[in-house]
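Quick notes on the structure that follows.
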């Protein structure tokens, strides 16, 4: 597979905003998602990779070559901005062939390549259309075709689905996911949408305030994050300060009047982190038992978001049945689903 993109101690100052230092690497044939809140530096980072910004220090390495001082057109990258930046006065065909045309590729080859990539992306029927009347999904496919036709070593996508409705975004996931292997490239995709990140990524990089907080496989980021900020950002709505004591086969933590057991072996001050969908509704015969009074109920697309008061400690769970405010509710959570983050921040 091999490392296609490497950043070494990259730092950039933009006014009062500081990006980095950031060191990371991404393998060829992988889909990498940079995730973080608005203003965290996601788009700034890919613009450094693209060459739109030159870092104050550090290096950008693409396929083993230091391109830090090179302009964008000599880096072997393709960049699709948030608004796609298609040429309204051109047809779809003319948009897609543009990169080859400016590189002096003969017309007969351009024709073959445009048709090939249009077929790959399912937009052969759009080639003679003007881009002005295209839907969001069609515009995104045209932008991808224009980027991929130059065979980039690195494909940079800046919030590529932010302007689409939910059904269009969902329909594009398989196409985007296939790009690294199909086109032999590394994809770097910026988003603040955690569902999008989880569906697409081989690796997720979490940014906040210009800093790389952590990076890992999506399963780890979403279930076993190492940092408190990451847990908050990816949806751990139960984050409770506590003190852990090592116990047989894990740890024991005291949360209010509840003693909870975790299979993670940690000692000292911790945050007890539980995703709301991990709770189970039953009679409390197995796992950790939490009994409380329902104080809030909210309907969601995956069930009911229920908040309970358990002896002064608030827990949020997703349930399939709809309780009423004031009801008593018993929840269980298995020890292997209680994640502990050391309180070092």
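Numbering (the UniProt record's numbering), first residue to last: 1 to 345. Built from N, CA and C at the ideal position, the CB exists for glycine as well. Please read these numbers as outputs of a predicted model, since none were measured by experiment.
Outcome for residue i when other beta-carbon atoms lying within 10 angstroms are tallied against a minimum of 16
i, result
"residue 249", "exposed"
"residue 110", "buried"
"residue 112", "exposed"
"residue 13", "exposed"
"residue 97", "buried"
"residue 89", "exposed"
"residue 85", "exposed"
"residue 180", "buried"
"residue 315", "buried"
"residue 9", "exposed"
"residue 30", "buried"
"residue 344", "exposed"
"residue 259", "exposed"
"residue 75", "buried"
"residue 251", "buried"
"residue 69", "exposed"
"residue 41", "buried"
"residue 298", "exposed"
"residue 139", "buried"
"residue 195", "exposed"
"residue 137", "buried"
C-alpha gap between residue i and residue j, whole angstroms
i, j, result
"residue 153", "residue 221", "26 Å"
"residue 239", "residue 273", "5 Å"
"residue 78", "residue 6", "16 Å"
"residue 295", "residue 155", "48 Å"
"residue 232", "residue 50", "30 Å"
"residue 167", "residue 148", "24 Å"
"residue 170", "residue 35", "18 Å"
"residue 310", "residue 183", "53 Å"
"residue 95", "residue 87", "6 Å"
"residue 198", "residue 23", "22 Å"
"residue 322", "residue 82", "40 Å"
"residue 176", "residue 324", "42 Å"
"residue 275", "residue 117", "42 Å"
"residue 190", "residue 163", "13 Å"
"residue 291", "residue 246", "24 Å"
"residue 356", "residue 306", "Residue 356 is absent from the model: the chain starts at 1 and stops at 345."
"residue 172", "residue 21", "33 Å"
"residue 39", "residue 228", "19 Å"
"residue 301", "residue 46", "33 Å"
"residue 236", "residue 262", "16 Å"
"residue 60", "residue 304", "46 Å"
"residue 123", "residue 335", "50 Å"
"residue 264", "residue 192", "29 Å"
"residue 107", "residue 135", "28 Å"
"residue 287", "residue 277", "15 Å"
"residue 114", "residue 144", "12 Å"
"residue 26", "residue 44", "18 Å"
"residue 4", "residue 317", "42 Å"
"residue 327", "residue 308", "9 Å"
"residue 15", "residue 208", "17 Å"
"residue 72", "residue 150", "13 Å"
"residue 185", "residue 337", "36 Å"
Cβ separation of residue i and residue j, assumed to be a contact under 8 Å, to the nearest whole Å
i, j, result
"residue 340", "residue 266", "4 Å"
"residue 48", "residue 55", "6 Å"
"residue 101", "residue 121", "Incorrect: roughly 19 Å between the Cβ atoms, too far for contact."
"residue 333", "residue 279", "5 Å"
"residue 244", "residue 206", "Not confirmed; about 24 Å, so no contact."
"residue 289", "residue 330", "7 Å"
"residue 128", "residue 93", "7 Å"
"residue 210", "residue 19", "4 Å"
"residue 32", "residue 2", "Contact doesn't hold; Cβ gap of about 14 Å is too wide."
"residue 157", "residue 67", "With 8 Å as the limit, residue 157 and residue 67 do not qualify as a contact, their Cβ atoms being about 19 Å apart."
"residue 146", "residue 104", "With 8 Å as the limit, residue 146 and residue 104 do not qualify as a contact, their Cβ atoms being about 17 Å apart."
"residue 91", "residue 130", "6 Å"
"residue 214", "residue 226", "5 Å"
"residue 160", "residue 268", "42 Å between Cβ atoms; not a contact."
"residue 58", "residue 11", "6 Å"
Residues bridged to residue i (per DSSP)
i, result
"residue 241", "271"
"residue 66", "61"
"residue 236", "Partner(s): none; residue 236 has no beta bridge."
"residue 79", "156"
"residue 96", "DSSP, once it has assigned bridges, lists no residue as partnering residue 96."
"residue 330", "291"
"residue 11", "57"
"residue 339", "273"
"residue 168", "BP columns for residue 168 are empty, so no partner."
"residue 6", "25 and 61"
"residue 317", "306"
"residue 19", "12"
If we require 3 or more residues per run, which beta strand (DSSP E) segments fall completely within the region 24-54? DSSP runs (the beta strand (DSSP E)) wholly in the region 24-54: 31-35.
Restricting to runs no shorter than 3 residues, where is the beta strand (DSSP E) found entirely within the region 247-311? If you keep only unbroken beta strand (DSSP E) runs of at least 3 residues inside the region 247-311, you get 250-255, 258-262, 268-274, 288-300 and 303-310.
Enumerated in chain order, which unbroken segments of the alpha helix (DSSP H) with a length of 4 residues or greater are wholly contained in the region 104-166? With a minimum length of 4 residues, the continuous alpha helix (DSSP H) runs that stay inside the region 104-166 are 107-120 and 136-148.
Let me know the beta strand (DSSP E) ranges lying completely inside the region 186-231, each 3 residues or longer, listed in chain order. Here the runs fully enclosed are 186-191, 203-208 and 211-216.
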